[in-house]
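Contents: one structure, followed by commentary.
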Amino acid sequence: MSATNLFEQQRQNRRRSAVLVTVFVLFFAWIGFGGDLILYLQSRGGEPGQYRHTFPFIGIAATLLAAGMTGFAWKSGAKQVLSATGAWELISAATDEERQYVNVVEEMAIASGLPKPRVWIVPDDDPNAFATGSEPKTAHVAVTRGLLTTLNRDELQAVVAHEMAHIRNLDVRLMTLLAALVGVIAIISDVTMRGMRFGGGRGRSGGGKKGGGGGALVVVLIVLWLVAVILAPIISRMLALAVSRKREYLADATAAQFTRNPAALASALGKIEHAAGATKSIRHGTAHLCIADPLGRRVTNKQGFVADLLATHPPMAVRIARLKRMAYQYEQTGEIVEPAL
Amino acid sequence: MQWLLLILLIVVVGFVISAYNRLIALKGETLNAWKQIDVQLKRRHDLIPNLVNAVKGAMDFEKDTLEAVIQARNQAVKIQAGASPTGGIQALAGAEAALGAALSRLNVVVERYPDLKATGNIGQLQEELTSTENRVAFARQLYNDTATSYNVKQQQFPWNFVAGLAKAETVELYEIEEPREREVPVVDLSMKPKA
């Protein structure tokens, strides 16, 4: 059966992004609890009565902070995003275009087996679309006015399918979590750098009291931790972006599974790509949930190592090529198979 | 030895519980997907009288086409009432395919009347019809995917031992039996946009 094949592919894709997320969480834990470990090892050799770091305050504080930020973003994120873009909710469709849009969303809700999301329009002439809401039950799909005028019915359906795919794959939740972790890591890194500048002397005198193998281990750990902390803001952002790009590929494939029409998404992406300019009403923070990078096409078009590392979305050309391959395979075999990365 | 038996027992009981729950969940998903088809077919059936009324006046001499649509619709409504995943889906799929064929003939006729398309709400009705056809197709796609994984799971070793316990039965897929729909399509190289 065609379905099992794609489900297997999606499982693989999900496993790959699970590995990335695990690396991210481990990195986060090392920054937080690693700091505690070093303080513990350092204060272990002290005289009785001196402060001993036995309770992992730093790690627990960082985890609580991240949990708090994530929880807050899950609760209020969708409303903030929608109001920042100036979107208005489409409750009763007035024009043919709007009626078609609502119909297409309802069709995709059926195909994905999800409840119908709330439907919004962003008053912007650049074609783009995004999904938000941390749970499928309370999800939102928004498209720009420009998208409705640029695309035909099949292409609009494909774009809405991509957004529904983000909702079904719980990408909103995942990316909000990663954004919160990136934020907390940045705070820890910042505080540590300041701390080192002011109180560098004390740490050294404390370390001098110890000797032997334990001391060497502590020094190695300190160096490892400091390197991690210094590089943390960059590494964490890169990991988050890598996850984001994986989820874009996954959403493209899931959308093809919903519509059984990968060619329509390929041609929609082509049209969005060719529309000039950036989607001004969609801010940077929402970029990873859009169908195309709203910051303009120049970044996403530039291929190569650095550009690839810094993009929320994979290069358009690659996405289109993959979809075309899926469309060709679907015609030949009647099966939707996601091409390997 | 006793330990070993105890561990074995725990493993077996754990498997039975999880397999039972999995089959029940799949059954629920299948019935849910079926309900979605039911809803969308009803929507389709409700839309047809509107469409027929809208075009009736302008095409008095195309009575046959309209009659065919109405008859196919009534037939489908009758069969839908008795269909469920464990029986009657094949018949329903056939009736709905016949209705689809009658509708597309009507569509061809409507295309011949540009005035009809321009006036009134035919444009709107056609969008509704397109959307309804899509909904039926997507509901069917979801149902067939879900039902297939349900059917496969309950026959697979070792889930098949629990299938009886969970009262799992093989369900019918919503597939078109009409031979016409299975024919090899004619290749059209005229590059005309499809109707």
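Protein chains in written order, with my numbering: chain A, 113 to 453; chain B, 320 to 514. Don't be surprised by glycine CBs; every beta carbon is placed ideally from N, CA and C.
Is Val-358(B) close to the ligand NAP? I mean its beta-carbon at under 7 Å from any heavy atom of the ligand. The model on display carries no ligand, and the ligand NAP is accordingly not part of it.
- Item | Backbone secondary structure at Arg-164(A) - three-state DSSP | coil
- What separation, rounded to the nearest whole angstrom, lies between the Cα atoms of Ile-495(B) and Lys-397(B)? It is roughly 18 Å from the alpha-carbon of Ile-495(B) to the alpha-carbon of Lys-397(B).
Trp-322(B): first and last residue of the uninterrupted alpha helix (DSSP H) it sits in:
321-375
- Name the one or two DSSP bridge partners that Arg-230(A) has. His-252(A)
*Contacts around Leu-177(A), its chain only, beta-carbon distance under 8 Å, and the 5 residues preceding and following it disregarded*: Val-296 and Ile-299
- prompt: Given that Phe-334(B) touches chain A, what residues does it touch there, using C-beta distances under 8 Å?
  reply: Correct list: empty, because the minimum Cβ distance to chain A is about 21 Å.
* Asked: Using CA coordinates, which residue listed in Arg-434(A), Gln-441(A), Ser-393(A) and Tyr-440(A) is at the minimum distance from Ile-476(A)?
  -> One cannot answer for residue 476(A) here, as it falls past the ends of chain A, which runs 113 to 453.
query = What does Asn-453(B) reach in chain A if we use C-beta pairs closer than 7 Å?
reply = Glu-219
- Query: His-252(A) and Ala-190(A) look like a contact to me (Cβ under 8 Å); what is the Cβ gap, rounded to whole Å?
  - Reply: With a Cβ gap of about 6 Å, His-252(A) and Ala-190(A) count as contacting.
field: Nearest-angstrom Cα separation, counted from Asp-208(A) out to Thr-449(B)
entry: 13 Å
* Residues bridged to Trp-200(A) [DSSP beta-bridge criterion] -> Ile-233(A)
Checklist entry - Should Leu-401(A) and Met-220(A) be called a contact, given that it needs their Cβ atoms to be closer than 8 Å? => result no
Touching by the beta-carbon criterion (3+ pairs, under 8 Å), the region 431-448 of chain A and the region 366-376 of chain A = They touch, by the three-pair rule.
_Please return the same chain residues whose Cβ sits closer than 6 Å to the Cβ of Ile-352(B), not counting the five positions on each side in sequence._
Reading off the sequence shown, one finds Ala at residue 352(B), where the question assumed Ile. Hits under 6 Å: Leu-461, Tyr-462 and Thr-465.
ask   = How big is the Cα-Cα spacing for Pro-239(A) and Ile-384(A)?
value = 6 Å
Quick test of your reading: Glu-488(B) and Thr-405(B), contact by CB under 8 Å. State the CB separation rounded to the nearest angstrom.
6 Å
Inset, instruction - Would you mind stating whether Phe-145(A) and Pro-168(A) have Cβ atoms separated by less than 8 Å? - result: yes
Worksheet entry | Neighbourhood of Trp-478(B) by C-beta distance below 8 Å, restricted to the same chain and skipping five residues each side | Ala-338, Arg-341, Leu-342 and Lys-472
> chain B beta carbons: is any one of them nearer than 8 Å to that of Ala-115(A)?
Replying inline: Reliability fails at Ala-115(A), whose pLDDT of 44 lies under 50, so the model's placement of it is uncertain and no value is given.
Simplified DSSP assignment, three categories, for Arg-402(B): First, the residue type needs correcting, since residue 402(B) is Ala and not Arg in the sequence shown. Coil.
(request) Count the other C-beta atoms from every protein chain shown that fall within 10 angstroms of the C-beta of Ser-423(B), then say buried if there are 16 or more, exposed otherwise. (result) The residue in question, Ser-423(B), is exposed, as its Cβ has fewer than 16 Cβ neighbours within 10 Å.
| field | Best match in Ala-482(B), Tyr-493(B) and Glu-491(B) for proximity to Ala-344(B) [C-alpha to C-alpha] | value | Comparing C-alpha distances from Ala-344(B) to each of Ala-482(B), Tyr-493(B) and Glu-491(B) shows the shortest one belongs to Ala-482(B).
Check your understanding: Counting along the chain, where does the alpha helix (DSSP H) carrying Thr-451(B) start and finish?
Key -> 441-474
With distances taken from CA atoms, which of Phe-242(A), Ala-352(A), Gln-154(A) and Leu-336(A) is nearest Ala-404(A)?
Phe-242(A)
Query - Neighbourhood of Asn-369(B) by C-beta distance below 7 Å, restricted to the same chain and skipping five residues each side - result: Short of 7 Å from the beta carbon of Asn-369(B), and not among the five residues preceding or following it, lie these beta carbons of its own chain, in chain order: Leu-444.
Exposure label - Arg-454(B); buried when at least 16 CB within 10 Å = buried
**Asked** Whose C-beta lies closer than 8 Å to the C-beta of Val-411(A) among residues of the same chain, with five residues either side of it excluded?
**Response** Confidence at Val-411(A) is low in this model, with a pLDDT of 46, below 50, so the placement of that residue is unreliable and no value is reported for it.
Quick check: the region 334-344 of chain A against the region 277-286 of chain A, are there 3 or more CB pairs under 8 Å?
no
Residues near Gln-475(B) in its chain [Cβ-Cβ closer than 8 Å; skip 5 each side]: none
Self-check item: CA-to-CA distance, His-278(A) to Gln-467(A), given in whole angstroms
Solution: Residue 467(A) lies beyond the stretch modelled for chain A, which goes from 113 to 453, so this question has no answer here.
For this session: Starting from the C-beta of Ala-352(A), find all residues in its chain whose C-beta is less than 6 Å away, skip the five residues before and the five after it, and write them out in chain order.
Result: Once the five neighbours on either side are set aside, the close Cβ partners of Ala-352(A) are Leu-290 and Val-294.
Problem set entry | Short CB-CB distance (under 8 Å) between Gly-318(A) and chain B | Because the pLDDT at Gly-318(A) is just 43, under 50, the model does not fix this residue reliably, and the point stays unresolved.
> When Cβ atoms are compared, which residues of the region 368-382 of chain A fall closer than 8 Å to chain B?
Replying inline: Phe-370 and Arg-372
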